[in-house]
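Trainee: For the record, the sequence lines run as chains W, A, B and G. Residue numbering for the first sequence follows the UniProt record's numbering, beginning at 1 and increasing consecutively. Residue numbering for the second sequence follows the UniProt record's numbering, beginning at 1 and increasing consecutively. Residue numbering for the third sequence follows the UniProt record's numbering, beginning at 1 and increasing consecutively. Residue numbering for the fourth sequence follows the UniProt record's numbering, beginning at 1 and increasing consecutively. Note that beta-carbon positions come from the ideal geometry of N, C-alpha and C, so glycine has one too.
Protein chains: 4
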Amino acid sequence: MEQKQRPIGRPRQDEKAKPTKEIILDVATRLFLEHGYKIVSMDDVAQACGVTKATIYYHYSTKADLFTDSMVKMMIRIRKQMNHLLSSDRPLKERLHTFSCVFLQATIDIDLKSFFKEANTSLSTEQIQEIKDAEEQMYTVIEEALNEAILKGEIPNVNPKFAAHAFVAMLTIGNYKDAQNHPLFPIEKMADQIIEFYWNGLGKG
Amino acid sequence: MEQKQRPIGRPRQDEKAKPTKEIILDVATRLFLEHGYKIVSMDDVAQACGVTKATIYYHYSTKADLFTDSMVKMMIRIRKQMNHLLSSDRPLKERLHTFSCVFLQATIDIDLKSFFKEANTSLSTEQIQEIKDAEEQMYTVIEEALNEAILKGEIPNVNPKFAAHAFVAMLTIGNYKDAQNHPLFPIEKMADQIIEFYWNGLGKG
Amino acid sequence: MEQKQRPIGRPRQDEKAKPTKEIILDVATRLFLEHGYKIVSMDDVAQACGVTKATIYYHYSTKADLFTDSMVKMMIRIRKQMNHLLSSDRPLKERLHTFSCVFLQATIDIDLKSFFKEANTSLSTEQIQEIKDAEEQMYTVIEEALNEAILKGEIPNVNPKFAAHAFVAMLTIGNYKDAQNHPLFPIEKMADQIIEFYWNGLGKG
Amino acid sequence: MEQKQRPIGRPRQDEKAKPTKEIILDVATRLFLEHGYKIVSMDDVAQACGVTKATIYYHYSTKADLFTDSMVKMMIRIRKQMNHLLSSDRPLKERLHTFSCVFLQATIDIDLKSFFKEANTSLSTEQIQEIKDAEEQMYTVIEEALNEAILKGEIPNVNPKFAAHAFVAMLTIGNYKDAQNHPLFPIEKMADQIIEFYWNGLGKG
DNA sequence: CATGAATGAGCATTCATTCAT
DNA sequence: GATGAATGAATGCTCATTCAT
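1) Looking at the secondary structure, which residues open and close the alpha helix (DSSP H) in which Ala166(A) lies?
2) Determine, using beta carbons only, whether Glu136(G) comes closer than 8 Å to chain B.
3) I'd like the list of long-range same chain contacts for Ala46(W), defined as Cβ closer than 8 Å, with 5 residues on each side in sequence excluded.
4) At 4 residues or longer, and completely inside the stretch 60–144 of chain A: list those alpha helix (DSSP H) runs for me, N to C.
5) How would you call Gln3(G), buried or exposed, if buried means at least 16 neighbouring beta carbons within 10 angstroms?
6) Can you say whether Met1(B) is buried or exposed, counting buried as having 16 or more other CB atoms within 10 angstroms of its CB?
7) Three-state secondary structure (DSSP) at Glu196(A)?
8) Give the DSSP bridge partners of Lys177(B), in chain order.
9) Going by beta-carbon coordinates alone, are Leu112(W) and Thr98(W) separated by less than 8 Å?
10) Leu92(B): buried (16+ other C-beta within 10 angstroms of its C-beta) or exposed?
11) Interface residues of chain W around Gln105(A) at Cβ under 8 Å?
12) Taking Cβ to Cβ, would you say Leu146(B) is nearer than 8 Å to Ala64(B)?
13) Under the three-state reduction of DSSP, which class applies to Lys21(B): helix, strand or coil?
14) Would you give the residue range spanned by the alpha helix (DSSP H) that Thr45(G) belongs to?
15) Listing by chain order, which chain G residues have their CB less than 9 Å from the CB of Leu184(B)?
16) For chain W, check one thing: does any of its Cβ atoms lie closer than 8 Å to the Cβ of Glu126(A)?
17) Count the other CB atoms within 10 Å of the CB of Pro186(G); is the residue buried (16 or more) or exposed (fewer)?
18) Among Leu66(B), Asp192(B) and Pro183(B), which one has its Cα closest to the Cα of Arg30(B)?
19) Hey, is Glu118(B)'s beta-carbon within less than 8 Å of any beta-carbon in chain G?
20) Distance, Cα to Cα, Arg60(A) vs Ala149(A)?
21) Is it the case that the Cβ atoms of Ala166(A) and Ile173(W) are separated by a distance below 8 Å?
22) Determine, for Ala169(B), whether the minimum Cβ-Cβ distance to residues of chain G falls below 8 Å.
23) Counting only beta-carbon separations shorter than 8 Å, does Ala46(G) have a partner in chain B?
24) Below 8 Å, how does it come out for the stretch 127–134 of chain A and the stretch 178–196 of chain A: are there three or more Cβ pairs, yes or no?
25) How is Gly201(G) classed by DSSP in three states: helix, strand or coil?
26) For the candidate residues Asn181(B), Lys152(B) and Leu25(B), whose alpha-carbon lies nearest to that of Arg90(B)?
27) Answer yes or no: do Pro160(G) and Glu143(G) have a C-beta to C-beta separation smaller than 8 Å?
28) Taking only the alpha-carbon atoms, compute the straight-line gap between Pro156(B) and Tyr139(B) and give it to the nearest angstrom.
29) For residue 207(B), which option in Trp199(B), Leu202(B), Gly201(B) and Ile195(B) has the closest C-alpha, if you only look at C-alpha atoms?
30) When the Cα atoms are used, what is the spatial distance from Ile23(G) to Val141(G)?
31) What number of angstroms, rounded off, separates the C-alpha of Pro19(A) from the C-alpha of Val27(A)?
32) Residues of chain B with a CB under 7 Å from the CB of Phe197(G): which are they?
33) Measure from the C-beta of Ser114(G) to each C-beta in chain B and report whether the shortest distance is under 8 Å.
34) Could you confirm whether any beta carbon from chain W is found closer than 8 Å to the beta carbon of Ala28(A)?
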């Protein structure tokens, strides 16, 4: 799959640089996740990208569009990673543990609930639908892993949809900081606790 | 010859009505919970209360103040209700079940995590602390019920702090709506599922 | 002029205290002089007085009224003090010197020019007139002292109105602070310099 | 193959017209001088410029910034004009006279004292400093003219800083309007009187 | 592709003023 | 005399969006 010669058409001036649109999406995703939809202004995104607001509007026609694309692409990325982490021959419990460790380390909030609060007033129904679909597909990946485990007899015959959500819900405990801003446990211990509790919850205690 | 410190000024015109300050707090709490801090404007609150913005500022000197008071007072209310619902002689599992039903019915989001994202940029550290403290105290109520149950031998010797958070995390599953905007289960079924899973999770499966 | 027995009518409850209206006027005068008309709010005045805004409105029907009364009463007070300081048998130069020292010490700004800038947009023509009249009368006192000195042959036959304004203008140099916030001279030296220059200016160098 | 750093964006539509930023500065300077800092609102400036408030904020990020820039630029302009008017071979007295006539005609208030009253509460210390520095430099120009005259033996050995301030103070008399809103003298006569008095004051009577 | 300039609508907050008690 | 509550109008400032270049 060679392609060392100059590709056809106008080449990128700066070979090393990511295309602007990607930069914008990455920066926006980070900012939205960190602060929320409303609080992040197009100016903030522009400044963080080192471009002008107008440039952002060249690539994304509204803030809602940029947000929707950010969220959807992120969900897709997470889904892919989930797929990767959950598909192996190891026992489910091990796979879930690995998955927990990875996600507790990433400060990313998989939980979109909080975003929908803001989004409902600002996004179009199509945009909300688009994000919800992406979210749903992400949950489906977990569901499938659970389904498979049920078939294999690894876990009892639970409702896989509920169990998928329960898993994600349990993961969010990892983000909690107490009044002194300390987490309940260090990450590794947290993953152990979560998986232990979850595994029990599935009825395999 | 008694001498009242200060004349009393304009008292309630309508003896029966709720004082304005209370109305404002109630309305604000509802709006903030429903939409989030940033999206709710003081104009929104004012209009929903049927008073002018200036009236709100007469009672609460900033939006951040109003928000903080809303959240803290709400947490206190929830804590009281928790105390009430969790303190009885019935077995813990039953009490948790009752509690779940009540909270799944109330659309209230006990989960403050989402608020802190916005709040961090808009509230003073004192205000954030105040809210976090109120949240912590709320969790403490659950912790105490769990502790008691451990002493009585009702449940195994789990970490009560973690278990308290796990319980609240599980409850949030109830708020989930899928891409077709349907909940996973009807409320009663949901409570059953949650309690069953949680009880298993505690190690009593 | 005895009056130790209780006077007739409702007596002051608190014998020692100044009547509220006077307190308000004094406090308002100080605040207006220090910060200017616009910047000082009725709330500021109220708080500094320890009463409510409504109380101020009980005594003064508008902010413009309060300001006008403040300025006029102040001009009257200054005029009286001027009269006192300028009327004696000592030579004019000495009297002016004493006067300078007194006014350079008081941080009060005799110069109303700055106030009229703001006032013009906020005060009624009658109110502006009232203040201007009070100011004029203050200048008249100096004029009379100069007139008398001319008649006595103490100073040459200058235009007394111009000379009065020149004197006040010279006094304002005393308020100047340089970029390091230092005055040009210490107060005593400043008075010497001003009087020396002024006396020369009158044509008696 | 030249590569311009950045594309140029929207350039001037109307080649002949003054750039918006200059218009804003000019209009703002006039309004601030006429009415004072507090009383002039950004809306006022915007309306007087025929643009929206947002446009002003595009060019100046705060009102305090606009004010500071207005004052500093004005002081610089005045200083330049002073330099021009005071630098010639004619005798100092003549130059001062010309200068007086010019400044009495311009209704501009060289005297910043009144502004600092308001400014102290509204501007940052850096901004106050910036304005004070510009003012100081303006006085320095007069000082230098006086210094030179002292060296040439045109005037006695006075303190040039004090004399510079005395000169500006005398000029402010020209702005005075009595209770009937009349100036003390017509402008030409006023200049004569001021210079005569000032020249005497310097000790050359 | 990207920009600088401009804008309308909105937002948190302030303030002089009113009024029933 | 004095007050607590309420308000309309403004004020400084932000922000998503547009547009000509």
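Mentor: To lay it out plainly:
1) Residue mapping note: residue 166(A) aligns to position 166 of the second sequence, counting from 1. Taken as a continuous stretch (DSSP letters only), the alpha helix (DSSP H) holding Ala166(A) covers Pro160 to Thr172.
2) If you number the fourth sequence from 1, residue 136(G) lands on position 136. It does: the Cβ of Glu136(G) has a partner Cβ on chain B nearer than 8 Å.
3) Numbered from its first residue, the first sequence carries residue 46(W) at position 46. So the qualifying residues of the chain are Thr52, Lys53, Thr55 and Ile56.
4) 63–86, 92–105 and 113–122
5) As a working note, residue 3(G) is residue 3 in the fourth sequence. Below a pLDDT of 50, predicted positions are generally treated as unreliable, and Gln3(G), at 36, falls in that range; the measurement from the model is reported next regardless. Flag for Gln3(G) reads exposed.
6) Looking up residue 1(B) in the third sequence gives position 1. Note that Met1(B) scores a pLDDT of 42, beneath 50, so its modelled location is shaky; the value from the coordinates is reported in the next line. Around the CB of Met1(B), fewer than 16 other CB atoms lie within 10 Å, so the residue is classed as exposed.
7) Your numbering for residue 196(A) matches position 196 in the second sequence. In the structure shown, Glu196(A) sits in a helix (DSSP, three-state: H, G or I).
8) Position 177 of the third sequence, counted from the first residue, corresponds to residue 177(B). DSSP output for Lys177(B) lists Pro183(B) as bridge partner(s).
9) Working through the first sequence from its first residue, we reach residue 112(W) at position 112. Working through the first sequence from its first residue, we reach residue 98(W) at position 98. Against a cut-off of 8 Å, the Cβ pair of Thr98(W) and Leu112(W) comes out as no contact.
10) Position 92 of the third sequence holds residue 92(B). Leu92(B) should be labelled buried.
11) Looking up residue 105(A) in the second sequence gives position 105. Those within 8 Å of Gln105(A) in chain W number zero; the least Cβ separation is about 18 Å.
12) Within the third sequence, numbered from 1, the residue matching residue 146(B) stands at position 146. Within the third sequence, numbered from 1, the residue matching residue 64(B) stands at position 64. For Leu146(B) and Ala64(B), no; Cβs fall outside 8 Å.
13) Here residue 21(B) corresponds to residue number 21 of the third sequence, with the count starting at 1. Lys21(B): helix per DSSP, three-state reduction.
14) By one-based count along the fourth sequence, residue 45(G) stands at place 45. Looking at the sequence provided, one finds Val at residue 45(G) rather than Thr. From DSSP, the alpha helix (DSSP H) with Val45(G) extends over Met42 to Cys49.
15) Working through the third sequence from its first residue, we reach residue 184(B) at position 184. Those are Asn159, Lys161, Phe162 and His165, listed as they occur along chain G.
16) Start at 1 with the first residue of the second sequence, and residue 126(A) comes out as number 126. Judged by the 8 Å Cβ criterion, Glu126(A) is not in contact with chain W.
17) In the fourth sequence, counting from the first residue as 1, residue 186(G) sits at position 186. Counting Cβ neighbours within 10 Å, Pro186(G) comes out exposed, since fewer than 16 surround it.
18) Your numbering for residue 30(B) matches position 30 in the third sequence. Per the Cα distances, Leu66(B).
19) Start at 1 with the first residue of the third sequence, and residue 118(B) comes out as number 118. Chain G, which has a Cβ nearer than 8 Å to the Cβ of Glu118(B), makes this yes.
20) What you label residue 60(A) is simply residue 60 of the second sequence in a count that begins at 1. What you label residue 149(A) is simply residue 149 of the second sequence in a count that begins at 1. A quick correction: the sequence has Tyr, not Arg, at residue 60(A). Answer to the nearest angstrom: the Cα atoms are 42 Å apart.
21) Looking up residue 166(A) in the second sequence gives position 166. Looking up residue 173(W) in the first sequence gives position 173. Pairing Ala166(A) with Ile173(W) gives a Cβ-Cβ distance under 8 Å.
22) One-based indexing of the third sequence puts residue 169(B) at position 169. It does; some Cβ of chain G falls within 8 Å.
23) By one-based count along the fourth sequence, residue 46(G) stands at place 46. No, no contact with chain B.
24) no
25) Here the question's residue 201(G) lines up with position 201 in the fourth sequence. Here Gly201(G) sits in helix by DSSP.
26) Locating residue 90(B) in the third sequence gives position 90, where the first residue counts as 1. The shortest Cα separation from Arg90(B) among Asn181(B), Lys152(B) and Leu25(B) belongs to Lys152(B).
27) If you number the fourth sequence from 1, residue 160(G) lands on position 160. If you number the fourth sequence from 1, residue 143(G) lands on position 143. Their beta carbons are under 8 Å apart, which means Pro160(G) touches Glu143(G) by this criterion.
28) Counting from one through the third sequence, the residue named residue 156(B) turns up at place 156. Counting from one through the third sequence, the residue named residue 139(B) turns up at place 139. Taking the straight line joining both Cα atoms gives about 19 Å.
29) Within the shown structure, residues of chain B are numbered from 1 to 205, placing residue 207(B) beyond reach of any answer.
30) For this step, residue 23(G) is matched to residue 23 along the fourth sequence. For this step, residue 141(G) is matched to residue 141 along the fourth sequence. In a straight line, the C-alpha of Ile23(G) is about 28 Å away from that of Val141(G).
31) For this step, residue 19(A) is matched to residue 19 along the second sequence. For this step, residue 27(A) is matched to residue 27 along the second sequence. Spanning the two alpha carbons is a distance of roughly 13 Å.
32) As a position in the fourth sequence, residue 197(G) is number 197, starting the count at 1. Within 7 Å Cβ-Cβ: Ala166 and Gly201.
33) Start at 1 with the first residue of the fourth sequence, and residue 114(G) comes out as number 114. Closer than 8 Å: yes.
34) As a first step, residue 28(A) must be located in the second sequence, where it is residue number 28. So no, Ala28(A) is outside the interface.
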